[in-house]
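Numbering (UniProt numbering), first residue to last: 1 to 326. Remarks on the structure that follows.
Next up, the structure:
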């Protein structure tokens, strides 16, 4: 479904970014179930399918929950409500899921099933059972614990890095800069409208702002624009597709670890973000950044209390020799 979202200057002040471990967990299930292409997460998805298969057998709510997934149509909201902010924990989000009234869950599931093939009686029995909320919550908790949490430090660093950049753009330059390259489906119109194509239903933020939620897994945008929810958009985070394969020639020239740092800076990052992205110590990352900076391959700009590092044109040309030089 498309939207035309009307915004005002006040909406810039009240709009914010958030990171949701629960939404990432649910989106991981789209990959593991084959509903989405794995893309750059192909290797991780292949390794995770074995524990996912075991959880399907162990958690009776998992299969029925996944059976509800469908593209470009309504999906039940209660298994992954929009988060409250940047520091919301998985446990806090899961508690909100468990607090869902059973009749609300049944209404959302019934709406979700509209237009879908009728599920088996065994699946329907779970979907409309008195304990469906707990069954879904238990399944999500198991997927988080066994599959998603081991990779969360890197995933969180990817999402945090994206948020730092986009929030700065929104505050400094406005909506056009913040929405630039968010998704081909999202466009800013100078008259004060965000179009989520194909544009259709009109929504006015009325000063309440918009919640932006980055994801490492989605390739498009997801909209949470029901009146019962905070208005939110989920979008693909920049830097998710940064290659993990270090070219041998580059590794020989500057060392494999420094080459990994340089590759990761395809998207600017702070030292602490690089520590989580690469799984290295603060001292190790700092030393490599100093060496790369001394060689003119990276540079840093202070942002608040930290320094945001990015590649120079020389660094870009070293990573991609065929790229045009400025």
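Just so it is clear, CB atoms sit at the ideal spot from N, CA and C, and this is done for glycine as well. All of these numbers come straight from a predicted model, not from anything done at the bench.
Identity of the residues DSSP links to residue i by a beta bridge
{"i": "residue 189", "result": "193"}
{"i": "residue 147", "result": "Paired residue(s): none; residue 147 is not in a bridge."}
{"i": "residue 201", "result": "3"}
{"i": "residue 224", "result": "232"}
{"i": "residue 213", "result": "234"}
{"i": "residue 17", "result": "212"}
Own chain partners of residue i with C-beta closer than 8 Å, once the 5 adjacent residues on each side are dropped
{"i": "residue 251", "result": "259"}
{"i": "residue 268", "result": "161, 165, 308, 309, 310"}
{"i": "residue 17", "result": "86, 163, 166, 167, 211, 212, 213, 214"}
{"i": "residue 115", "result": "73"}
{"i": "residue 281", "result": "275"}
{"i": "residue 186", "result": "179, 194, 195, 196, 197, 221, 233, 235"}
{"i": "residue 231", "result": "5, 203, 205, 208, 209, 210, 211, 224, 225"}
{"i": "residue 71", "result": "35"}
{"i": "residue 45", "result": "31, 32, 38"}
Residues near residue i in its chain [Cβ-Cβ closer than 6 Å; skip 5 each side]
{"i": "residue 15", "result": "209, 210"}
{"i": "residue 143", "result": "25"}
{"i": "residue 238", "result": "162, 267"}
{"i": "residue 200", "result": "2"}
{"i": "residue 153", "result": "276"}
{"i": "residue 177", "result": "169"}
{"i": "residue 175", "result": "188"}
{"i": "residue 327", "result": "Beyond the ends of the chain as shown, which are 1 and 326, falls residue 327; an answer cannot be given."}
Residue i versus residue j - alpha carbon distance
{"i": "residue 123", "j": "residue 64", "result": "6 Å"}
{"i": "residue 317", "j": "residue 12", "result": "37 Å"}
{"i": "residue 27", "j": "residue 217", "result": "7 Å"}
{"i": "residue 271", "j": "residue 157", "result": "11 Å"}
{"i": "residue 188", "j": "residue 220", "result": "16 Å"}
{"i": "residue 388", "j": "residue 319", "result": "Any property of residue 388 remains undetermined from this structure, which presents the chain solely from 1 to 326."}
{"i": "residue 347", "j": "residue 151", "result": "One cannot answer for residue 347 here, as it falls past the ends of the chain, which runs 1 to 326."}
{"i": "residue 62", "j": "residue 303", "result": "43 Å"}
{"i": "residue 234", "j": "residue 49", "result": "25 Å"}
{"i": "residue 229", "j": "residue 194", "result": "18 Å"}
{"i": "residue 243", "j": "residue 112", "result": "Only weak support exists for where residue 243 lies, its pLDDT of 48 falling under 50; the coordinates are left without a value."}
{"i": "residue 5", "j": "residue 172", "result": "21 Å"}
{"i": "residue 43", "j": "residue 36", "result": "14 Å"}
{"i": "residue 279", "j": "residue 20", "result": "21 Å"}
{"i": "residue 148", "j": "residue 97", "result": "18 Å"}
{"i": "residue 128", "j": "residue 58", "result": "19 Å"}
{"i": "residue 192", "j": "residue 121", "result": "48 Å"}
{"i": "residue 155", "j": "residue 75", "result": "24 Å"}
{"i": "residue 138", "j": "residue 53", "result": "16 Å"}
{"i": "residue 286", "j": "residue 249", "result": "23 Å"}
{"i": "residue 82", "j": "residue 88", "result": "10 Å"}
{"i": "residue 7", "j": "residue 290", "result": "43 Å"}
{"i": "residue 99", "j": "residue 109", "result": "16 Å"}
{"i": "residue 265", "j": "residue 294", "result": "16 Å"}
{"i": "residue 184", "j": "residue 240", "result": "17 Å"}
{"i": "residue 305", "j": "residue 255", "result": "30 Å"}
{"i": "residue 312", "j": "residue 47", "result": "36 Å"}
{"i": "residue 68", "j": "residue 190", "result": "38 Å"}
Contact under 7 Å by Cβ, residue i with residue j
{"i": "residue 296", "j": "residue 307", "result": "no"}
{"i": "residue 91", "j": "residue 22", "result": "no"}
{"i": "residue 102", "j": "residue 119", "result": "no"}
{"i": "residue 51", "j": "residue 146", "result": "yes"}
{"i": "residue 203", "j": "residue 225", "result": "yes"}
Residues of its chain near residue i, where Cβ-Cβ distance is below 7 Å and the 5 sequence neighbours each way are ignored
{"i": "residue 334", "result": "The requested residue 334 is not part of the displayed model; the chain covers only 1 to 326."}
{"i": "residue 10", "result": "207"}
{"i": "residue 288", "result": "257, 258, 261"}
{"i": "residue 314", "result": "296, 297"}
{"i": "residue 105", "result": "78, 132, 133"}
{"i": "residue 141", "result": "94"}
{"i": "residue 66", "result": "29, 33"}
{"i": "residue 41", "result": "31, 217"}
{"i": "residue 323", "result": "Low local confidence applies: a pLDDT of 45 at residue 323 is under 50, so the model's placement there is unreliable, with the coordinate-based value given in what follows. So the list reads 316, 317, once near-sequence residues are dropped."}
{"i": "residue 273", "result": "157, 160, 161"}
Min CB distance residue i to chain B below 7 Å
{"i": "residue 138", "result": "Although the question refers to chain B, the structure presented lacks it and comprises just one protein chain."}
heavy atom of the ligand SAM below 6 Å from residue i C-beta
{"i": "residue 167", "result": "Absence of the ligand SAM from the depicted structure is noted, as is the absence of any ligand whatsoever, leaving it without description."}
Tell me the start and end of each unbroken alpha helix (DSSP H) in the UniProt domain "HTH arsR-type" (248-323) that is at least 4 residues and wholly inside, in chain order.
At a cut-off of 4 residues, the continuous stretches assigned as alpha helix (DSSP H) that sit fully inside the UniProt domain "HTH arsR-type" (248-323) are 248-254, 256-264, 271-278, 282-294, 313-319.
Any chance you could list the alpha helix (DSSP H) runs of at least 4 consecutive residues sitting entirely within the stretch 98-157, in chain order?
102-113, 121-127, 132-143
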